[in-house]
Amino acid sequence: MPARNAIGPCLLAGLLACQAAPAEDAPTMAAPVRWTPPALATDQYESSPTLSPDGHELFFFRADRQFDNYRLLHSRCEDGRWSAPKEPAFAAAPGVLETDPAFSPDGQRLYYGSARHSGEDLDIWKVERGADGAWGAPQRLPEPVNSPHTELLPREQPDGRLLFGSDRRGGPGGRDLFMATPLADGQWRVEPLPAPVNSPADEYEADLSRDGKVIVVVANRGERSHLYVYDRVGEDWRERGQVPARADVFQVGPLLSPDGKRLLFAQAEGEDSGELFLVDLHPGADPSWPPACPAADH
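According to my numbering, the sequence shown holds residues 67 to 364 in order.
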């Protein structure tokens, strides 16, 4: 079973990166507020939302109270409210772990993690929409995108590259972030993201803004995993700071707004539940994201 939030010390070689001070001109981040639509909320753990480009579909995964036994779920905006979540038609058989859904920028593909190939190791899979709007058969992405190790939170970029996390070798830590670039011959080139986004600690989930200027990273740099924001300055990344979420629980499943100024993520609420939270990362964030579900749209 993949350990998404394993506790581990920040390695000495990466200590300065773990404790890097934010830039003096870094924008102030607001306190998170609960966002989970009522139809999605349960006493279990809802995580890793992804919204279709038109805002009318929402995929996420639900885990049990121990943050295990992940299953994909899908909800639609219908008659002014989100529908009761259901497993999509392409979901694997009960008991197979499936997690981390992510729409492509054009909404024609959905990427996700599934253990259907091995029964335990999460790999990246995708489904594509047909001309009728229905999802096709799931396809496992080839190596070197997938590996004998766990892959998490795949996110297709506007240029076709794929951002994901993995505990494979090749990066500076136990788990790291990687970018896969499709090549002209149908192969892929996979490279770790540079420091300080990757460090000798654990980085294993991330979302990158559409303009490539902001990245939010899930990293375990001490007792548990938290969210860190970086801004691109020239060719380098500069740490802005940690998202002001709860320090006593972990955060996962980041989803940035199109303008990179708002963030959806998951964290525990109460003893038995995980919910979706919304935070402004920058003043002037677009208040219309995430989109509402008004009856007038249908």
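Beta carbons: idealized from backbone N, C-alpha and C, even for Gly. Remember, it's a predicted structure, so these values are computed and weren't measured experimentally.
Selection Glu-112, Thr-94, Leu-139 evaluated against Arg-100 yields Glu-112 as nearest (Cα-Cα). Separation of the CB atoms of Ser-114 and Asp-166 is rounded to 5 Å, and the pair is thereby assigned contact status at 8 Å.
If you ignore the 5 residues before and after Trp-201, its C-beta comes within less than 8 Å of the C-beta of Pro-154, Ala-155, Phe-156, Leu-176, Val-193, Glu-194, Arg-195, all in its own chain and listed in chain order. Going by DSSP, Cys-143 is part of the beta strand (DSSP E) stretching over 137 to 144. Going by beta carbons, Gly-240 and Asp-268 fall inside the 8 Å limit. Judged by DSSP in its simplified three-state form, Asn-286 adopts strand.
Sixteen is the threshold: when 16 or more other Cβ atoms of the shown chains lie within 10 Å of the Cβ of Glu-271, as they do, the residue is buried. For the options Gln-174, Tyr-136, Ser-141, the alpha carbon positioned closest to that of Gly-185 is the one of Tyr-136. Between Gly-179 and Glu-164, the gap from beta carbon to beta carbon is short of 8 Å. Less than 8 Å divides the Cβ of Phe-169 from the Cβ of Thr-116. Ala-334 and Gly-340 do touch by the CB rule: their CB atoms are close to 5 Å apart, below 8 Å. Met-245 has its alpha-carbon roughly 12 Å from the corresponding atom of Val-263. In this structure, Leu-329 sits away from Val-315, with a CB-CB distance that is not shorter than 8 Å. Pro-151 and Gly-300 have their C-alpha atoms some 42 Å from each other.
When the Cα atoms are used, Leu-138 and Asp-130 turn out to be separated by approximately 12 Å. If you look at Glu-112, you'll find it in the beta strand (DSSP E) that goes 111 to 117. Within a 10 Å sphere around the beta-carbon of Ser-354 sit fewer than 16 other beta-carbons, which makes this residue exposed. Bridge pairing for Trp-201: Arg-195 [DSSP].
For Pro-167, the secondary structure class from DSSP, reduced to helix, strand or coil, is strand. Taking each of Pro-93, Met-95, Ala-107, Ala-97 in turn and checking the Cα distance to Gly-336, the smallest one comes out for Ala-107. For the set Pro-224, Gly-231, Ala-105, the Cα lying nearest the Cα of Ile-190 is the one of Gly-231. Taking the Cβ atoms as the reference, Val-280 lies roughly 12 Å from Leu-293, outside the contact range of under 8 Å. Excluding residues up to 5 positions away in sequence, Gly-80, Pro-258, Ala-261, Asn-264, Ser-265, Pro-266 lie with their Cβ nearer than 8 Å to the Cβ of Pro-238 in the same chain. In the three-state DSSP reduction, Ala-272 falls in the strand class (E or B). Counting only the Cα atoms, Pro-93 lies some 22 Å from Gly-319. Taking 3 residues as the shortest admissible run, the segment 171 to 254 contains the following complete beta strand (DSSP E) segments, listed from N- to C-terminal end: 175 to 180, 189 to 194, 217 to 222, 228 to 232, 242 to 248. Nearest in C-alpha terms to Gly-226, of all of Pro-324, Arg-128, Gly-161, Gly-252, is Gly-252. For His-215, the closest alpha carbon among the candidates Trp-148, Asp-233, Arg-221 is that of Asp-233.
Bounds of the beta strand (DSSP E) holding Gln-308 are 302 to 308. The beta carbon of Ala-105 lies closer than 6 Å to those of Trp-148, Ala-150 in the same chain, with the five residues before and after it left out. Under DSSP, Leu-344 shares a beta bridge with Val-99, Leu-330. In this structure, the alpha-carbon of His-183 lies about 22 Å from that of Asp-242.
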